[in-house]
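Residues in the sequence shown are numbered from 51 upward in steps of one, following our numbering.
Glycine included, C-beta positions come from ideal geometry on N, C-alpha and C.
Being a predicted model, the structure only gives us computed values, none of them experimental.
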Amino acid sequence: MESCAAAMVGRDDEQARLFSFVAARGGGSLILRGETGVGKSALLAHAAELAERSEHEVLRVTGVEAESELPYAGLHQFLYPLLAHARDLDEGARAAFDAVFGQRAGDPPSVMTLGIAVLNLLGAAARERPLLLVLDDGQWLDAASAEVCGFVGRRLTGSAVKMLIALRADIPSRLDTAALPETTIPPLSEQAAARLLDQRHPGLNARTRRLTLEHARGNALALLELPAYIVGAADTSDEVIDELAVPLPKRLQRLYSGRITALSETVRAELLKGALDGVGARAAATVGPVSRYRMRDAEEAVRVGLLEIDLRTGDFMFRHPLVRSAVVQLATPNQRRAAHAALARVHHADVERRAKHLAAATIDPDEQVAAALEAAAESATRRGGAMAAVAWLTRAAQLSENHEDRSRRLGDAAFVAGHAARLGQAQRIVQSDPAPGGNESPAAVLASAYSALYEDGDVRTSHRRVSAAIEELSARGAREQPEVLVRLVNLLLAISQYAGDAGMWTSTRDLLAGMGELPPHSRIYRDSWSDVVRHGAGVAPRVESAAARLAELEPWDVTRLAVSSYHLDIAVDYRPHLQRIVDRELETGAVASGIVMLHLIMLDQTSTGEWDEAERTGLRSLRRAVDLGYDLFAQQSRGYLAQLAALRGRLDEARELQAVVDSWARPRGLGFLTQAADAAGTTAALTAGDFEAAYLHAIGITPPGEFAPYAYQASRSLLDLVEAAVHTGRAEEARAHAAAAWEAGLPAISPRLAILTFGATAMTADDDARAADMVARAESHPSAARFPFELARIRSAHGLRLRHANSRTTARHYLSAAAASFDRLGAAAWAERTRTELGPLGVSAAGAAAEPATLTWQERRIADLAAAGLTNKEIGVQLHLSPRTVGSHLYRIFPKLGITTRAALRDALTRDTPVPEGRAPDSAQN
């Protein structure tokens, strides 16, 4: 029987009904009807416990299928413990029992005669205390027993006897016409099913949990037993578990096996084709409508409760996903292959489904099938199905007709497996195809280097091995494995990026220079990942050109281009695509790429001021990386979370995370992460107003007056170093650093670097006119609204400069705008420090924050862009809104600011006087 605890989750209504039934005065009967495994047995056990606590005597009986044709076998089970009370009955009643239980010869009594005798026996047994009869699996009662139980059940009112019977809803029962009260036990709700699964199987990975919930569909028994079999199958096979027919334990398989094997051979074949094609269930990761096999002439399966008919389409559907799984498991290998061959013909126009069925139908090597599988794997990878692609490529290798194609396909399978967070499987795949002479194959180098990088952050050994593999392939002419060579090159670039070391980058660039012309994407990665100060000029248009057809790229190439866009500060253009595909990649696709996508989404959310969302994204990436044992990505997530905590003023948290990242990354030579930690330390010190500490952190990234080679934070921390230097009296160092930004051409490299350069120049300018011009250039930059924190810092610093120059009115404009921006961002310490500067100007802390807060964060972004001269269409492109939505926002913004034209926006956004209400806007549409 199912455990009582299983049914007690999400069964409040059923428990209440059973409590009323047991506690009611007098006798009665009740049938619990529900699907197999739904939890009826547990509810019976719960009712029995209630009855025992209420001083009832409880008799438990279970129907047995093997005895369902034996007359009175069920009644004998029920009455045998009570036959001692028969001595108190009259001779006629005892004779009836003797006749039906074989104690004397003669014809059995009528149902009425026997039924009255049973009622008398139950009454005698219940004289001392009430009696509860509990019958589980009542559908297996033999016909004679069922008739008597029905007769008795209808006549228990007024007695001290209660009868509780459980029946399967999917199997006809002889008690169906007994006219007894009944209640339906439905499957558990989605919420209750998830709660039960999490209670009994905590710590399941997301995919196993999803598969269990989908296939159990609220069935308590399946929720309890499926996870171990799904996990076990995944642990013992390199192929992904078939999401349409998960492996069933014997206990679940037996629920349907008798009915399935009793079907005619033709109907079983129809059910098998339907099951293998996913009839009656959602196909995993399917995009758009999918045409599934239509089962025909299967009414026999409907009659025995295996199928049902879709009232909308008239098609046959499996009654439960477990039926589909049982059908597949009960078929022989030859039957399954024949069904797959038929389905491949049905789906001849569908690349993936045809290939899947062909692969399952084929035994001997077949190049056409192998090529079809390879094409299907490529298609699946591009739509978030990298895990399925691994299985299909491995199978394609098995079906290859020559060693060269087999090795190539195994290499592809290992490469995709590495990106799909199956590093162990990738290693096993390459080990199955050793290189001639015992040397390590390029595919093996790729697999082991990815493992070393992701799991332990080993850049030194990985760089050495990948470089050696590239040199060896290049020495051989390398044209026999061009794709493998490109993969090695791109991995070498990623390793070099994480190292962030000038010597390693020099070695990498020298090696690649000797190879001749690199593929266009690899050239983009080389120039943007290494050092944008020295190599980033003109790269942004190349990224935009390469990303013009993102949907056609494999997920790792999407991610690599997005990393380039981050270094060039144009990630906001690619974030919508990443947000559309990241969930599918994390679920069934390139999981490693999915984690990097989360990093990029978080970084862009941080830049654009969406800090709550950024924190949620960062925590999600951290959890996923920790679950997979990817220490590199976990520490990267912590580094970004440290920066965010520092911005928000949670300094203890920021410094703790900074220390964790630094202590892990520095011994490993991971300059990318140590620089992230130093940047977080710089920001924390600036937030705390400790400008000396901030300066020391900043020069740990790069010396003043230059940008350290191959240190990606060197240019990104430009404003930090300058502001810290200004506040600590290091005016020469500050001016030298601002001048270095111009000499390096930073404004031409990226929008953020342009704004930082303008801000740094404004902070260090000798004359007020140049400072004002630089601030104006920062404010009017087309991308200024994308970097609200940097813009607020520039305004705050300029307002402070103006206050010291005794330009009180203009100073109030800038300081008030900065304080409002810091408030909206949640940078409380920065807002408080700015409001403190407003005090001598006669503006109270409350007054400094009240007026700008009338705009929401989204409204402020739109207003800033409109004030910069962008049209509604251009604003919509930047913020991923329709022009009509932008116009609607502006209609709400204008009255809040007390203006009626776009031309008045800029002044309204910076003034510090109260805003009159009530004037209607007249030019929100543009």
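- Residue pairing of residue 216 in beta bridges, as defined by DSSP: 82.
- When the Cα atoms are used, residue 842 and residue 769 turn out to be separated by approximately 12 Å.
- Taking each of 257, 65, 719 in turn and checking the Cα distance to residue 674, the smallest one comes out for 257.
- Per the C-alpha coordinates, the member of 469, 445, 906 positioned closest to residue 638 is 469.
- Judged by beta-carbon spacing, residue 184 lies beyond the 7 Å limit of residue 83, meaning their Cβ atoms are not closer than that value.
- CA-CA distance, residue 497 to residue 679, rounds to 16 Å.
- Shown here for residue 695: same chain residues with a beta carbon closer than 6 Å to its own, the five before and five after excluded, namely 703, 704 in chain order.
- Separation of residue 512 and residue 538 (C-alpha to C-alpha, rounded to the nearest whole angstrom) is 11 Å.
- In this structure residue 357 touches residue 348 by the C-beta definition: roughly 6 Å separates them, less than 8 Å.
- Sequence-distant partners of residue 931 (beyond 5 residues in either direction) whose C-beta falls short of 6 Å from its own C-beta are missing from its chain.
- Rounded to whole angstroms, the gap between the alpha carbons of residue 323 and residue 392 is 8 Å.
- Residue 280 and residue 262 have their C-alpha atoms roughly 8 Å apart.
- In this structure, residue 668 sits away from residue 697, with a CB-CB distance that is not shorter than 7 Å.
- In the three-state DSSP reduction, residue 258 falls in the helix class (H, G or I).
- Following the DSSP letters along the chain, one finds residue 64 inside the alpha helix (DSSP H) bounded by residues 62-73.
- Excluding the 5 residues flanking it on each side, residue 836 has same chain C-beta neighbours closer than 6 Å at 622, 658, in chain order.
- About 7 Å separates the beta carbon of residue 89 from that of residue 61, a gap short enough to meet the 8 Å contact definition.
- Taken atom to atom, the span from the alpha-carbon of residue 728 to that of residue 701 is near 14 Å.
- The three-state secondary structure of residue 368, taken from DSSP, is strand.
- Within the model, the alpha-carbon separation for residue 382 versus residue 303 is close to 15 Å.
- Of the residues assessed, residue 120 falls on the exposed side of the cut-off, its CB having fewer than 16 other CB atoms within 10 angstroms.
- DSSP places residue 520 outside any beta strand (DSSP E); the residue lies instead in the alpha helix (DSSP H), whose first and last residues are 509-525.
- Residue state for residue 845 is assigned as helix, using DSSP reduced to three classes.
- DSSP lists 366 as the beta-bridge partner residues of residue 359.
- Excluding sequence positions up to five before and after residue 582, its CB lies within less than 6 Å of the CB of 617, 799, all in the same chain and listed in chain order.
- In terms of Cβ geometry, residue 807 and residue 794 do not form a close pair [threshold 7 Å].
- For the pair residue 718 and residue 724, the CB atoms are not nearer than the 7 Å cut-off.
- Per the Cβ contact rule, the region 425-440 is in contact with the region 628-646 (3 or more Cβ pairs under 8 Å).
- For the pair residue 471 and residue 440, the CB atoms are not nearer than the 7 Å cut-off.
- Counting other Cβ atoms within 10 Å of its Cβ, residue 591 stays below 16 and is therefore classed as exposed.
- Nearest C-alpha to residue 809 among 919, 389, 766: 766.
- A direct Cα-Cα distance of roughly 13 Å separates residue 826 from residue 849.
- Per DSSP, the beta bridge partners of residue 186 are 112.
- Between residue 545 and residue 503, the beta carbon gap of about 6 Å places them in contact (Cβ cut-off 8 Å).
- The C-alpha of residue 908 lies about 19 Å from the C-alpha of residue 954.
- As a beta-bridge residue in DSSP terms, residue 181 pairs with 107, 211.
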